[in-house]
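S.K.:
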Amino acid sequence: MQAIDHLRQEIKNHFPHSKELALSSRFALNRQFNFYFEIAPDSPYLLYLNWDGDGIIYILKCLVFKDNETLSRLKNAYPETGSSAFNEGKPRTTITFRFHDPQRLYIQEVTGECQEPLNGQEVHLENLLKHMDTSLQKLV
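If you read the sequence shown in our numbering, its first letter stands for residue 805, the second for the next number, and so on.
1) For D937, which of helix, strand or coil comes out of DSSP?
2) Which same chain residues end up closer than 7 Å to L929 when comparing Cβ atoms and leaving out the 5 residues on each side of it in sequence?
3) Inspect the beta-carbon positions of F903 and Q912 and report whether they are closer than 8 Å.
4) How about L875 and P845: are their beta carbons less than 8 Å apart?
5) Is it true that the CB of L850 sits closer than 8 Å to the CB of K894?
6) So for E917, helix, strand or coil by DSSP?
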């Protein structure tokens, strides 16, 4: 699970005000495939990182919620309810990619708001996060 841990750490490093949301201890023994990150306090946006479980296919998604209060209520429910808490979120930008190493992410698909065409390109992890950041910077 080295790649997923690396991706999670890089998201936290790239978005300095972000915070990874944690599940309660009742989920501790379950293998985790979904990770959620609050991008900034009092923002209706949430980053979602999904891992396919086999090690190389990932989805990074920006979810938008009706308002800060809605997201705050759902974040409070998340530790006990798990990922179903965020089903109300609407995808703003979705990037599906294969992880080879931090310098080589192969973009398979980009949907939603996108600053530039990335489909089929190989990018560095930092560039992928900058792209996601660019799509968010006017929002937070």
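We put the beta carbon where it would ideally sit given N, CA and C, even for glycine.
M.R.: Let's see:
1) helix
2) E814, P906, L909
3) no
4) It is not a contact, given that the beta carbons lie outside the stated cut-off.
5) no
6) coil
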